[in-house]
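Take any residue in the first sequence, count from 1 to its spot, add 679: that is its number in my numbering.
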Amino acid sequence: MSGESYKRIWEQAALIPEGMVASYGQIAKLAGLPRRGARMVGRAVGAAPSEMQLPWHRIVNAQGKIAIPEGTRRHAQQVKLLRAEGVDVKKGQLDMDRYRWDPTLDELVWGPGRLHDPGADSSA
DNA sequence: CGTGTGACTGACC
DNA sequence: AGGTCAGCCACAC
């Protein structure tokens, strides 16, 4: 089958918090595929069953740009989904310094194993 | 089974 | 900021 790798990629991608993004390379690395490829991440998320509700839209390239060709339906969909989460997307691009998800930082702030859940009131 | 390709990336210029 | 180049790797032909 397509692989154990896909599974790992899906698992990692699913961890990206709402309103944040990760790069293909970042997910690849987290999935334990440092050199095997960011490219594989693109394939994996594209092949993910819709029932899985994978947050594929939270994955952009290392430059903070949407990797899907502009003008396509999926590109527009990704922009739409990101904006719905409060991410400011301009010209198919966003600010990585601002929205990049940093799992290690998450761990430092929220504790090992704990995930930052924006919805679960920590309420200011 | 060889080639081309891409929802990538980092290094250079 | 933008263009080119060489690695990468699974997949379609």
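Even glycine gets a Cβ: it sits at the ideal position worked out from N, Cα and C.
Note that this is a predicted model, so its numbers are computed, not measured.
If you draw a straight line from the Cα of GLY725 to the Cα of ALA701, it is about 16 Å long. Between GLY743 and GLN772 the beta-carbon gap is near 6 Å, inside 8 Å, which marks them as a contact.
The criterion of a C-beta distance shorter than 8 Å is not satisfied by LEU733 and PRO782.
Spatial neighbours of TYR685 in its own chain (CB-CB distance under 6 Å, excluding positions within 5 residues in sequence) are listed in chain order as ALA723. In this structure, GLY721 lies away from VAL766, with their beta-carbon atoms at least 8 Å apart. Assigned with DSSP and collapsed to three states, ILE738 falls in strand.
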